[in-house]
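Visitor: Right, I'll just put the structure down here and ask away after.
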Amino acid sequence: MEGDDLMKNILFIMTDQQRYDTVHALGNKKIKTPVLDSLVSEGTSFTRAYTPSPVCVPARYSTLTGKYCHNTGCSKNGMMPDGNESIMETLKKAGYQTFGIGKMHFGFRDGGSMAMWGFDKRYTSEEVNGAERDDYKDYLKEKGFGHVKDVHGVRSEMYYTPQPSQLPAEYHHTSWVADRSIELIEGRDRTKPMFMMCGIIKPHPPFEVPVPWNKLYRSPDMEFPFVPGDYESMQTYWNRIQNRYKYKSKGRDRELERMIKSYYYACISFIDFNVGRIIDKLRSENILDETMIIYTSDHGEMLGDFNCYGKRGFLDPAARVPLIVRWPGVKQGEKCDEPVSLVDIVPTMLEYAGVGIEGDYDGNNLFSEEYNRPVVSQYHTGNKGLYMLVEDNHKYFYSAPDNKEWLIDMSADPDECHNRAENLLYGEKTKEMREKLVEILKHSAEKDAVEKNHFKKLKKPDDYKSEDEGLLFQDAEGSLPDIKGYTS
Numbered sequence: 082m083e084g085d086d087l088m089k090n091i092l093f094i095m096t097d098q099q100r101y102d103t104v105h106a107l108g109n110k111k112i113k114t115p116v117l118d119s120l121v122s123e124g125t126s127f128t129r130a131y132t133p134s135p136v137c138v139p140a141r142y143s144t145l146t147g148k149y150c151h152n153t154g155c156s157k158n159g160m161m162p163d164g165n166e167s168i169m170e171t172l173k174k175a176g177y178q179t180f181g182i183g184k185m186h187f188g189f190r191d192g193g194s195m196a197m198w199g200f201d202k203r204y205t206s207e208e209v210n211g212a213e214r215d216d217y218k219d220y221l222k223e224k225g226f227g228h229v230k231d232v233h234g235v236r237s238e239m240y241y242t243p244q245p246s247q248l249p250a251e252y253h254h255t256s257w258v259a260d261r262s263i264e265l266i267e268g269r270d271r272t273k274p275m276f277m278m279c280g281i282i283k284p285h286p287p288f289e290v291p292v293p294w295n296k297l298y299r300s301p302d303m304e305f306p307f308v309p310g311d312y313e314s315m316q317t318y319w320n321r322i323q324n325r326y327k328y329k330s331k332g333r334d335r336e337l338e339r340m341i342k343s344y345y346y347a348c349i350s351f352i353d354f355n356v357g358r359i360i361d362k363l364r365s366e367n368i369l370d371e372t373m374i375i376y377t378s379d380h381g382e383m384l385g386d387f388n389c390y391g392k393r394g395f396l397d398p399a400a401r402v403p404l405i406v407r408w409p410g411v412k413q414g415e416k417c418d419e420p421v422s423l424v425d426i427v428p429t430m431l432e433y434a435g436v437g438i439e440g441d442y443d444g445n446n447l448f449s450e451e452y453n454r455p456v457v458s459q460y461h462t463g464n465k466g467l468y469m470l471v472e473d474n475h476k477y478f479y480s481a482p483d484n485k486e487w488l489i490d491m492s493a494d495p496d497e498c499h500n501r502a503e504n505l506l507y508g509e510k511t512k513e514m515r516e517k518l519v520e521i522l523k524h525s526a527e528k529d530a531v532e533k534n535h536f537k538k539l540k541k542p543d544d545y546k547s548e549d550e551g552l553l554f555q556d557a558e559g560s561l562p563d564i565k566g567y568t569s
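If you're matching positions, the sequence shown starts at 82 in this note's numbering and goes up one per residue.
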């Protein structure tokens, strides 16, 4: 690569479980996000961006390959299939130096969670146990915090219990990602363009944030979750499953709901502050205007809306994410309200980098004037599969475990309170979107989920038989009592 191409840097920031409606400049007047607000004013915001899968692993796999789940065969958390080239590998072959910091949630048979997958340099950290190496935990030991076991917050029964971090702000994971990013920017090869991916674990639960950020928002100032009268009609099998294993199925505590939101917002504001530190480094290195910045999240969070918590669903709080792109060639302050997908990020990066889009991608360049196609998303498969199609102002999704379909008219019902799939006035629209989605899946790894012009009716999975069935423990190694007479 020569000439101007040498300095077409890319900074890709992906948070975890951040809803679309958590940016002050995009309409949330409660939350404080001055850095994201500046990206909004200096870039383009895609206000109807959807995840290719509302759960971590497939969302990241699809985002980094530019391919939908029904074409990758990766639609749930677990092992990633081999054979799909990542944006890091493509850019590395084109002469880029490639850096990764923080959560990636990779899981390959060869290389495991530590796979480089095209990164020249990678600082590892994951919020789950079992990683072969964790650079962040090694860093904490060096700093004298090796005694802290739940370094990202206490999970299990406290998964959705707001909590102050056991670490000071300067050693929190969000700060560590910013520190390592700054270090890599300073030490980069200045003769090559740079691709850097920052994987920030928050605001993924537990909603854990350092002092004094934990008191940035106060519960009485928070709004209650949105729970319409007929909320159960909008829930799927997976909403019920998640509520159980996240310890949220035994009734509502409305004051706790507001506290959860206050800590969730605090996690995002702390992210905002540290993203500002990275951007300041780009500015001090005089490469801010030679760098495309993309800020997004892998999926959203229900946060009590519809009396649900977690992701794994296609209502907007779980399936819709922030997506902001800043670079000198983009229209400043522009807001695009057409449906787009995270699979569009790879083609957008490649066009910007001057590499060209030669692979077999499902996504399109976000800035293409010819962009006009439906957006697809999927979670799981078989009799537990969820499938979504969004086009213009309508959203259709089908739940195999419920043998049920939903149609939402986003223009008439932006809060998604009504399923119009059984409404005679929407019969033709429901049929049109169902058949369009079925036709897409027919020619993919999901062909067994459909037949002719409809979804197959599969045997429903068993629901819970007792009130404690399905509760989940995710305890950090070394966090359980092992004291004589008090062993857990």
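Note that CB positions come from ideal geometry on N, CA and C, so glycine has one too.
Return the CA-CA distance between residue 411 and residue 228, expressed in angstroms with no decimal places.
Guide: Between residue 411 and residue 228, the C-alpha separation is close to 47 Å.
Visitor: Could you give the distance in angstroms between the alpha-carbon of residue 337 and the alpha-carbon of residue 447?
Guide: About 39 Å.
Visitor: For the 8 Å Cβ check, are there 3 or more pairs between the stretch 317-326 and the stretch 384-392?
Guide: Result yes; three or more Cβ-Cβ pairs closer than 8 Å.
Visitor: Quick check on this structure: which residue in 519, 384, 373, 431 has the alpha carbon closest to the alpha carbon of residue 404?
Guide: The candidate whose alpha carbon is nearest that of residue 404 is 373.
Visitor: With respect to 6 Å, is the separation between the Cβ of residue 316 and the closest non-hydrogen atom of the ligand ZN below this value?
Guide: By its list of ligands, the structure shown contains no ligand whatsoever, and the ligand ZN lies outside what it can speak to.
Visitor: Here's the rule: buried if 16 or more other CB atoms are within 10 angstroms of the residue's CB, otherwise exposed. What is residue 493?
Guide: Its Cβ having fewer than 16 others within 10 Å, residue 493 is exposed.
Visitor: For a test of the three-state rule: what should DSSP assign to residue 434, helix, strand or coil?
Guide: Note: residue 434 maps to helix in three-state DSSP.
Visitor: Comparing C-alpha positions only, which one of 286, 445, 418 sits nearest to residue 129?
Guide: Nearest option by C-alpha distance: 418.
Visitor: Taking the straight line between their C-alpha atoms, what separation do you get for residue 474 and residue 507?
Guide: The alpha-carbon atoms of residue 474 and residue 507 are separated by roughly 13 Å.
Visitor: Taking only runs that begin and end inside the stretch 312-399, name each unbroken beta strand (DSSP E) of 3 or more residues, in chain order.
Guide: List check, beta strand (DSSP E) in window: 372-378.
Visitor: So, with DSSP's three-state summary, where would you put residue 123?
Guide: Correct three-state label for residue 123: helix.
Visitor: With the cut-off set at 7 Å, would you say residue 147 and residue 428 are in Cβ contact?
Guide: Taking 7 Å as the Cβ cut-off, residue 147 and residue 428 qualify as a contacting pair.
Visitor: Out of 319, 217, 246, 103, which has the shortest C-alpha to C-alpha gap to residue 280?
Guide: Selected option, being the one with the closest Cα: 217.
Visitor: What do you reckon, are the CB atoms on residue 274 and residue 89 nearer than 7 Å?
Guide: Yes.
Visitor: Roughly how many whole angstroms lie between the Cα atoms of residue 320 and residue 394?
Guide: Rounded to whole angstroms, residue 320 to residue 394 spans 7 Å at the Cα level.
Visitor: I want to know whether the stretch 190-199 touches the stretch 545-565 - three or more CB-CB distances under 8 Å.
Guide: In short, these stretches do not touch, since the Cβ pair count stays below three.
Visitor: Bridge partners for residue 458 per DSSP, in chain order?
Guide: Looking at the DSSP assignment, residue 458 forms a beta bridge with 469.
Visitor: Would you mind giving the Cβ-Cβ distance between residue 135 and residue 458, rounded to the nearest angstrom? I have them listed as a contact below 8 Å.
Guide: At roughly 7 Å, the Cβ-Cβ gap stays under 8 Å, so residue 135 and residue 458 are in contact.
Visitor: Taking the alpha helix (DSSP H) that residue 281 belongs to, which residues open and close that run?
Guide: Unbroken run through residue 281: none, as it is neither H nor E.
Visitor: Looking at C-beta atoms only, is the number of pairs between the stretch 156-176 and the stretch 300-310 that lie closer than 8 Å three or more?
Guide: Verdict: no, contact absent.
Visitor: Here's a check: name, in chain order, each residue in its chain whose Cβ is nearer than 8 Å to the Cβ of residue 384, leaving out the five neighbours to either side.
Guide: Closer than 8 Å at Cβ, skipping near neighbours: 100, 306, 341, 342, 345, 390, 398.
Visitor: Suppose the cutoff is 7 Å on Cβ atoms and the five residues either side in sequence are ignored; what does the same chain contact list for residue 510 look like?
Guide: The residues are 475, 488.
Visitor: Beta-carbon within less than 6 Å of residue 230's beta-carbon, same chain only, minus the 5 sequence neighbours each way: which residues are those?
Guide: Only 557, 559, 560 meet the Cβ criterion.
Visitor: Is residue 367 buried or exposed, if buried means 16 or more other CB atoms sit within 10 Å of its CB?
Guide: Classification of residue 367: exposed, given that the 10 Å Cβ count is below 16.
Visitor: Pick out whichever of 159, 376, 361, 206 has its Cα sitting closest to the Cα of residue 126.
Guide: When each option's Cα is compared against that of residue 126, the closest is 376.
Visitor: Looking only at C-alpha atoms, which of 206, 426, 113, 278 sits nearest to residue 449?
Guide: Nearest of 206, 426, 113, 278 to residue 449, Cα basis: 426.
Visitor: What first and last residue would you give for the beta strand (DSSP E) that runs through residue 490?
Guide: Residue 490 -> beta strand (DSSP E) spans 485-490.
Visitor: Among 142, 249, 534, 240, which one has its Cα closest to the Cα of residue 169?
Guide: Selected option, being the one with the closest Cα: 142.
Visitor: In angstroms, rounded to a whole number, what distance separates the CA positions of residue 430 and residue 91?
Guide: Each residue's Cα considered, the two are about 8 Å apart.
Visitor: Quick check on the burial criterion: 16 or more other C-beta atoms within 10 angstroms. Buried or exposed for residue 203?
Guide: Buried, since its Cβ has 16 or more Cβ neighbours within 10 Å.
Visitor: Got a sec, what are the start and stop residues for the alpha helix (DSSP H) residue 152 sits in?
Guide: 150-153 is the span of the alpha helix (DSSP H), which, as asked, contains residue 152.
Visitor: What would DSSP say about residue 515, mapped onto helix, strand or coil?
Guide: Residue 515: helix per DSSP, three-state reduction.
Visitor: So residue 444 packs on residue 422, CB below 8 Å; how close in whole Å?
Guide: With a Cβ gap of about 6 Å, residue 444 and residue 422 count as contacting.
Visitor: Out of curiosity, what's the CA-to-CA distance linking residue 415 and residue 272?
Guide: In a straight line, the C-alpha of residue 415 is about 32 Å away from that of residue 272.
Visitor: Roughly how many angstroms separate the alpha carbons of residue 479 and residue 138, rounded to a whole number?
Guide: Spanning the two alpha carbons is a distance of roughly 21 Å.
Visitor: Report the residue from 567, 552, 247 whose alpha carbon sits nearest the alpha carbon of residue 329.
Guide: When each option's Cα is compared against that of residue 329, the closest is 552.
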